[in-house]
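According to UniProt numbering, the sequence shown is numbered sequentially starting from 1.
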Amino acid sequence: MKSTLEDTLLAAIRTIPDYPKPGILFRDITTLLGNARAFRRAVDELVHPYAGQKVDKIAGIEARGFILGGAVAHQLSAGFVPIRKKGKLPHETVRVAYSLEYGLDEMEMHKDGVAPGEKVILIDDLIATGGTAEAAVKLLRQIGADIIAACFVIDLPDLGGRAKLEALGVPVHVLIDFEGH
């Protein structure tokens with residue numbers, strides 16, 4: 001019997017209770033990345049809606065977005081652009097500040113990573129409150145990117161991140177909705 005995509009991915013994602021603090025159920029995709037079949041299915045499903053479309057760049061959010069984004073960029077014959085925490089990139093950067101649960105942080109990308117008008121897909125492993133993804137959208141738009149979608153393996157819908165991106169006019173593609181899981 002062929003398992004569904006959701007069954008395959010759910011079975012490959014480890015849930016760690018009380019990490020990083022009590023009451024949190026951490027969804028760990030390192031086990032999915034280590035499972036060749038699940039990793040391939042996840043990448044294929046992230047690629048599928050955009051196959052045959054003109055995609056110039058994949059922007060991956062540090063760090064798991066690098067792994068997924070690199071694989072998706074390869075499949076779509078697109079370039080890859082890392083979005084990193086402040087101070088990690090060696091060339092001239094653009095930067096945006098964003099709110100975290102307990103303060104502010106900043107992320108940046110190379111100023112020449114995306115040319116104005118290039119079609120970009122934003123990728124990360126998970127969307128929760130959406131703060132990081134929202135900041136990445138603002139960063140990409142600051143340099144003129146045309147964001148055609150934001151893609152995630154996991155959505156935690158109760159935390160509202162997807163709605164934040166959709167309110168910015170960014171279509172969101174997720175593989176697993178963890179509501180009720």
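A virtual CB, placed ideally from N, CA and C, is assigned to each residue, including glycine. If you're wondering where the values come from, they're calculated on a predicted model, not measured in any experiment.
Check	Outcome
Is it right to say T15 is buried, meaning 16 or more other beta carbons lie within 10 angstroms of its own, or is it exposed?	exposed
Skipping 5 residues on each side, what residues in its chain have a beta carbon closer than 8 Å to that of I123?	L46, I58, A59, G60, I61, G65, L68, G69, V72, A150, C151 and F152
Which of the three DSSP states, helix, strand or coil, is assigned to V72?	helix
Residues in its own chain within less than 8 Å of L89 by CB, not counting five upstream and five downstream?	P82, E108, M109 and H110
Would L32 pass as a contact of L9 if the rule is Cβ separation under 8 Å?	yes
Helix, strand or coil for V43 per DSSP?	helix
So, helix, strand or coil for L168, using DSSP?	coil
Report the rounded CA-to-CA distance for D105 versus D158, giving the unit in angstroms.	23 Å
For G87 versus G117, is the C-beta distance shorter than 8 Å?	no
Going by C-alpha distance, which of V94, V172, I148 and F39 is nearest D155?	V172
Return yes when the Cβ of D44 is within less than 8 Å of the Cβ of G79, no when it is not.	no
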